[in-house]
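J.: Got a structure here, written out as structure tokens. Questions coming.
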Amino acid sequence: MSISDYPLSISLFKDIINYKNILLVLFFNNNKIFWLMNVYSHSSYSALKYLKDMKVNIHNLLIMTGDFNICDSLWDSFFPHHSTISDDLIIIADLFNLNLSIPANQVSTRYSDNINDSNLVIDLMFLQNRSNKLNNHSIHPNWHLTSDHAPLTITIPIVKESVISSKCSIIKNSEGKTAFIKNATISIKNLDISDLSDINRLEFIVNKLASKIKSTWEKNSKTINIMRHSKS
98 MSISDYPLSI SLFKDIINYK NILLVLFFNN NKIFWLMNVY SHSSYSALKY
148 LKDMKVNIHN LLIMTGDFNI CDSLWDSFFP HHSTISDDLI IIADLFNLNL
198 SIPANQVSTR YSDNINDSNL VIDLMFLQNR SNKLNNHSIH PNWHLTSDHA
248 PLTITIPIVK ESVISSKCSI IKNSEGKTAF IKNATISIKN LDISDLSDIN
298 RLEFIVNKLA SKIKSTWEKN SKTINIMRHS KS
């Protein structure tokens with residue numbers, strides 16, 4: 098799945114969907130959150146049952162993809178039947194505002210080692226509904242190597258943006274660093290710790306020291322503006 102030519106920060110989330118066969122990740126772009134979901138549904142279809150019963154609404158889910166283990170004439174012209182499990186999958190996709198993606202090259206996605214078994218289309222991709230940013234995905238049968246499944250790919254366009262940030266810093270071996278260390282040392286030496294009778298007194302002393310350290314840091318540090326071109 099091609100996302101960007103630039104480094105992109107992607108995070109894995111388990112607090113929203115905590116299921117072993119469902120991977121949910123997010124990335125930021127143009128101050129918005131976007132989600133990607135990968136699903137493995139074995140023959141009992143427990144992952145689909147989990148998604149169908151799930152109450153969480155995930156906004157901006159761009160793609161749901163994976164091995165759904167469902168043969169159906171909807172996506173495989175060589176398979177003559179329709180499955181009721183497919184109806185559940187379409188309902189789930191609709192709940193996430195997704196449509197079935199028709200691959201640019203309509204070939205099998207699962208290849209059998211047994212010549213008596215047919216190759217299948219069971220790896221699918223669903224894309225955000227009414228999106229003019231996402232084109233149809235591609236299937237790569239020559240890339241499956243030792244796996245019996247062919248990889249699916251799609252390109253997600255990322256908006257290039259300038260990210261401006263700032264930080265306070267003290268330059269190494271500078272006069273500011275020397276002054277900061279000197280003033281911080283004086284603050285620690287002059288700290289009155291003769292009375293530590295209770296937790297309130299201890300908290301007062303700690304906060305007082307923190308305030309003095311913060312003050313001398315702000316006095317001797319410099320604000321540095323950082324601008325970088327990013328797609329994350």
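Residues 98 to 329 in our numbering are what the sequence shown spells out, letter by letter.
We put the beta carbon where it would ideally sit given N, CA and C, even for glycine.
These numbers were taken from a predicted model, which means no experiment stands behind them.
Measuring straight from C-alpha to C-alpha, what distance separates Leu109 and Leu171?
T.: Approximately 31 Å between the Cα atoms of the pair.
J.: Assess contact between the segment 209-225 and the segment 159-174, defined as three or more Cβ pairs (one per stretch) separated by less than 8 Å. Is contact present?
T.: The segment 209-225 vs the segment 159-174: in contact.
J.: In this structure, does DSSP put Asn196 in helix, strand or coil?
T.: Strand.
J.: So who's on the other strand from Lys264, going by DSSP bridges?
T.: Bridge partners of Lys264: Ile321.
J.: Around the C-beta of Ala247, are 16 or more other C-beta atoms found within 10 angstroms, so that it is buried, or is it exposed?
T.: That one is buried.
J.: Do His234 and Ser330 count as a contact pair if the criterion is CB distance below 9 Å?
T.: With the chain covering 98 to 329 only, the question about residue 330 has no answer from this structure.
J.: With distances taken Cα to Cα, identify the nearest neighbour of Ser215 among Pro200, Ala201, Cys168.
T.: For the residues Pro200, Ala201, Cys168, the minimum Cα distance to Ser215 belongs to Cys168.
J.: Taking Tyr137 and Asp112 to be in contact with their CB atoms under 8 Å, please state how far apart those CB atoms are, rounded to whole angstroms.
T.: Not quite, the Cβ-Cβ distance comes to about 20 Å (not below 8 Å), so this is no contact.
J.: Measuring straight from C-alpha to C-alpha, what distance separates Ser141 and Leu231?
T.: Straight-line Cα distance between these residues: approximately 31 Å.
J.: Determine the closest residue to Asn239 out of Asn280, Thr181, Ser205, with distance taken between C-alpha atoms.
T.: Measuring from the Cα of Asn239, the nearest candidate turns out to be Ser205.
J.: Output the distance between the C-alpha atoms of Ala144 and Val218, rounded to the nearest integer angstrom.
T.: So the two alpha carbons sit approximately 18 Å from each other.
J.: Quick one: grab the DSSP three-state call for Ser126.
T.: The question names Ser, but residue 126 is Asn in the sequence shown. Correct three-state label for Asn126: strand.
J.: Considering only C-alpha positions, which residue in the set Asn128, Tyr147, Phe131, Phe125 is nearest to Lys119?
T.: Reading off the sequence, residue 119 comes out as Ile, not Lys. Ranking the options by Cα distance to Ile119, first place goes to Tyr147.
J.: Can you tell me the Cα-Cα spacing of Ala281 and Ser266, whole angstroms?
T.: Taking the straight line from one Cα to the other gives about 16 Å.
J.: Leaving out five residues before and five after Ser291 in sequence, what residues of the same chain have Cβ atoms less than 6 Å from its Cβ?
T.: Around Ser291: no qualifying Cβ.
J.: Buried or exposed: Pro200, going by 16 or more other Cβ atoms within 10 Å of its Cβ?
T.: With 16 or more Cβ atoms within 10 Å of its Cβ, Pro200 is classed as buried.
J.: Since Ile255 and Phe193 are thought to touch, with beta carbons under 8 Å apart, how far apart are those beta carbons, to the nearest angstrom?
T.: Not quite, the Cβ-Cβ distance comes to about 21 Å (not below 8 Å), so this is no contact.
J.: Measure the C-alpha to C-alpha separation of Ile284 and Ser263 and round it to an integer number of angstroms.
T.: This sequence places Ser at residue 284; Ile is not what is there. For Ser284 and Ser263, the distance between alpha carbons rounds to 27 Å.
J.: Could you pull out every residue in the same chain whose Cβ sits closer than 7 Å to the Cβ of Ile130, ignoring the five residues on either side in sequence?
T.: Here the set comprises Leu123, Asn157.
J.: Measure the alpha-carbon distance for Lys149 versus Ile268 and round it to whole angstroms.
T.: Answer to the nearest angstrom: the Cα atoms are 56 Å apart.
J.: Which residues in the same chain as Ser228 place their Cβ atom closer than 8 Å to its Cβ, once the five residues preceding and following it in sequence are excluded?
T.: Same-chain partners within the cutoff: Leu159.
J.: Can you tell which of Phe125, Asn128, Leu288, Trp132 has the C-alpha that lies nearest to the C-alpha of Ile114?
T.: Comparing Cα-Cα distances from Ile114 to each of Phe125, Asn128, Leu288, Trp132, the minimum goes to Trp132.
J.: Give every residue of the same chain whose Cβ lies closer than 6 Å to the Cβ of Ile310, excluding the five residues on either side of it in the sequence, and list them in chain order.
T.: Closer than 6 Å at Cβ, skipping near neighbours: Ala281.
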